[in-house]
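Notes follow the structure.
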Amino acid sequence: MYLALLVIFLQCSELYTQERVFTFNTVEIKVQPSVKVKNGAPLSIVCHADISKSTDFQLKHNFTIFKDGKFVFMTVSDKGDAQYEIPMARSSDTGEYECTVEAGGKTKSSSSLHVWVTGMTKPILTAEKKEVLEGELVKLRCELPEEVPPLYFFFRKIKMNSTPKEKHVFEPYRNFSVVEFSVEEGDNILQFDCFGRRNVKLEFESSEHSNKTLVTVREPFIKPTLHAKPSSNITEGDRIQFECSTVVARMRDIEIILQRNKTILKSVRDEKLLKYSAVATLEDSGEYLCKVEQGRASKTTKMNVVVSELFPKPILSASVRELDENKELTLSCSISGFRKANFSILRKNSNGDISLKNSRNLTMRANVNDTGSYICKAEVKGIVKESKPVRINVYAPVSKPTLSVVSGLPEVVLGKPLRLICRSVMGTPPVTFTFYKGNEVKKIVINDTYATFLDENIRQNDKIGYRCDARNNHSSGVKTSNILNITVIVPIKDVSLGSIPHGEVEDGSETAFLCSVKEGSWPIHFRIFRKTDHDVLLFEKSENADRVMWHKEKMNRQDTGTYYCLASNRANVNVKSHPITISVILAAWQKGVIAAFVIIIAGAVILTLWCFLCKKKKAKGPSMEMSSSALATKLTSEKLTRPHNDGDYYSGSGYIEDSENHMKSTDESKGPDLESAEVEYTEVEVSTLDPHRAPVQKGTETVYSEIRKANNDSVENRHSRIQGHPDAT
């Protein structure tokens, strides 16, 4: 029974679940009456959800409306629509709207929709003061109470019969703005208004103008009055007096200024009246301005004044403007059409003019120090006028110029420029210098006391002299220098070094070295060196020639080496020759001495040997009758024994063979004169060995070897050999 009820419950639950299935088809947002409405009109934002259900059942919907991503409205309904009502739309309601619907754990959002509320609210303008003084500031505040920043504010100052002045301010974070307008001279009744502007989708939208605010302006002082006494037309020498006055509401910080052609003549503070007087001159003619200032306010009054000329400026004339020293100079001062005046003649000076004479005329004998500018002054009724300056130049004659080379010596290296200087010690500048090369004018220079000339075209064979002229405005004329002859120094070229003999030189002999140059101006300084680790100077001499010869009397073995020559002249350039190598060898007589010495030694040796042989031959003549064969037989049949000492054994045969070989080589070295038979005696030490190993006994025997030489050049050598052996009997 319980099982059946459980089955029925599960089936009913399944049927109930199947009946509450739903899905969102779309979610839409709409605006009524349209997406673009006027400011102040009603506006409805409608959110509609289109849902499909499995059966007809009640479903709760949560509607949420957003403007520019911010929450503005939310409601819960079992219907598929929700409506957000705005009774009076404002520009702040402009924006992107979007709605979201949530039901049964499912959520879906609509697309965004832009709503534009056209028009802006009327701004409100207020002024801080309703009544101000000239020079003060009017502070204004313009507000758009229902608008959302960023906003632009425009303020206008409206004055009768003039174009309004406008200021604008951008406010990114607030819906009001404050500005100040200055009240200027002439402002009396002012009106101000403002309007706003905003940017919607790259389009500007402006509000209507605010209410007009009225501001009354009061004068802090009246426009000043300016008077000139005795009148506006004045003659030089008259005393002129100016008065400038005003009426002021309060005296604090008021200032009166008098100007002539923008030059301030006088000023007073905290006073209503300014007075100024002076003796009138022509320079006093012009526009006078009286200006009253207090704070920012200022008012001006202008007047033109003409000062008539009492007498014209004096004129200074000179008998001559340029003259030689010690000549007479006359200066005269005059006024056209006017003679009654006090005259004085002065010389201009940087430290103050120097009065020369209080008279109309001045005559003097001029010197060079009188060169300068002169003026004259005339005075009538306290008015002093000055003439234009007159320049007077007094000249001293130039002295004879001197022409010289800047470097000092009257010479120049070929290829280098030549710089000349022409000086004139005396003479009033400016001086005109003229340079000549031969009779050709090369350069003209105007200077004070000297001038220079650079000649870059110097040739090797130039023999032309230079001169210069000097002249100034003195009547003495031109002075000419002496002729300056220039020596052209040709640099050294192609230095060569030779020797006699060349290459090999006998020891003790004389050697001549010749150093020569192909080109170069005299004198030439020659130097001969031998190359070592530190080159050694051997010879040095200056010659007015293109070559020099140096004789070295005795050469020795230490003089073997490499030599070179250096040559220079006043061009100060050392030119080096190619090196030469000299070997010092033995002289012929030295070779002869050495050869003779060798021959003498050889002869002495031969003679000594020959004498020795002859002596031997005489002393042992009888022994030579013994035949070498008999001696050999005797020696062979004889037992030779010698005791053995410490196991050492010595055979005499080798010694004999060596002796025989030596004799053979000696015989072979003999010349043809030794063809006769000779007998050489050789002492041979023979060792005999005792069979019982007795101690060695040393004895000396003479073995004769006979060497015979036949006339047919056949040589027969017999060698006597004595061999010792332990087995010998």
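With positions in the sequence shown counted from 1, the corresponding number in our numbering is that position plus 78. Each residue gets a CB set at the ideal place from its N, CA and C atoms; glycine is no exception.
| Item | Value |
| --- | --- |
| So what does L424 bridge to, in DSSP terms? | S433, I453 |
| What residues in its chain sit with their C-beta under 6 Å from that of H603, if we drop five residues either side in the sequence? | S620, S646 |
| Nearest to F102 by alpha carbon, out of K186, R168, V115? | K186 |
| Select from L351, C322, E361 the residue whose C-alpha is nearest the C-alpha of N339. | E361 |
| V556 by DSSP, collapsed to three states: which one? | coil |
| So the beta strand (DSSP E) T313 belongs to, where does it begin and stop? | 311–313 |
| Given a cut-off of 7 Å on the beta-carbon distance, is the pair P298 and E212 in contact? | yes |
| Are L407 and I423 touching if we call contact CB-CB under 7 Å? | no |
| Using CA coordinates, which residue listed in S309, S288, I318, E225 is at the minimum distance from N277? | E225 |
| Tell me whether the beta-carbon of I222 lies closer than 7 Å to the beta-carbon of G274. | One detail in the question is off: residue 222 reads as Leu in this sequence, not Ile. Contact: yes. |
| Would you mind giving the Cβ-Cβ distance between S483 and L498, rounded to the nearest angstrom? I have them listed as a contact below 8 Å. | According to the sequence displayed, residue 483 carries Val and not Ser. About 6 Å; that satisfies the 8 Å criterion. |
| How is E225 classed by DSSP in three states: helix, strand or coil? | coil |
| Going by C-alpha to C-alpha distance, which of S170, F320, A590 sits closest to L336? | F320 |
| Straight-line CA distance for T530 to C500? | 6 Å |
| Can you find the residues in the same chain that come closer than 6 Å, C-beta to C-beta, to G749, ignoring five residues on each side of it along the sequence? | With a pLDDT of 40 at G749, under the threshold of 50, the modelled position of this residue cannot be trusted, and the question is left open. |
| Quick one: what's got a C-beta closer than 6 Å to E163's C-beta in the same chain, skipping five residues either side? | S122 |
| Answer yes or no: do A358 and I413 have a C-beta to C-beta separation smaller than 7 Å? | no |
| Whose CA, out of Y473, I318, E597, lies closest to the CA of N622? | E597 |
| So, using beta-carbon positions, are I453 and S437 closer together than 7 Å? | no |
| Going by alpha carbons, who is nearest to V150 out of S587, D171, S594? | D171 |
| Note the first and the last residue of the continuous beta strand (DSSP E) segment covering R605. | 602–608 |
| What do you reckon, are the CB atoms on K235 and F282 nearer than 7 Å? | no |
| Leaving out five residues before and five after V568 in sequence, what residues of the same chain have Cβ atoms less than 7 Å from its Cβ? | L492, Q538, E597, G598, S599 |
| Mind checking who V398 pairs with in its DSSP beta bridge? | DSSP output for V398 lists no bridge partner at all. |
| Report buried or exposed for C692, applying the criterion of at least 16 other Cβ atoms within 10 angstroms of its Cβ. | exposed |
| From the DSSP output, in three-state form, read off R98 for me. | coil |
| Given a cut-off of 7 Å on the beta-carbon distance, is the pair S655 and S574 in contact? | yes |
| By alpha-carbon positions, which one of P467, F416, A474 ends up nearest to E457? | F416 |
| Use the C-beta contact count for P495: other C-beta atoms within 10 angstroms, 16 or more gives buried, fewer gives exposed. | exposed |
| Return the CA-CA distance between A306 and C368, expressed in angstroms with no decimal places. | 12 Å |
| Tell me the DSSP secondary structure of S169 in three-state form. | helix |
| If I measure Cβ to Cβ from D547 and keep anything under 6 Å in the same chain, skipping five residues before and after, which residues do I get? | T512, V556, T558 |
| Looking at the strands, I want to know which residues DSSP matches up with I129. | F102 |
| Does the CB of T196 have a neighbour CB from chain B at under 7 Å? | Although the question refers to chain B, the structure presented lacks it and comprises just one protein chain. |
| Is DSSP giving G670 helix, strand or coil here? | helix |
| Would you grab the beta carbon distance between R374 and E206 for me? Rounded to a whole angstrom, and I think it's under 8 Å. | In fact, because the Cβ distance is near 16 Å, the residues do not count as touching under 8 Å. |
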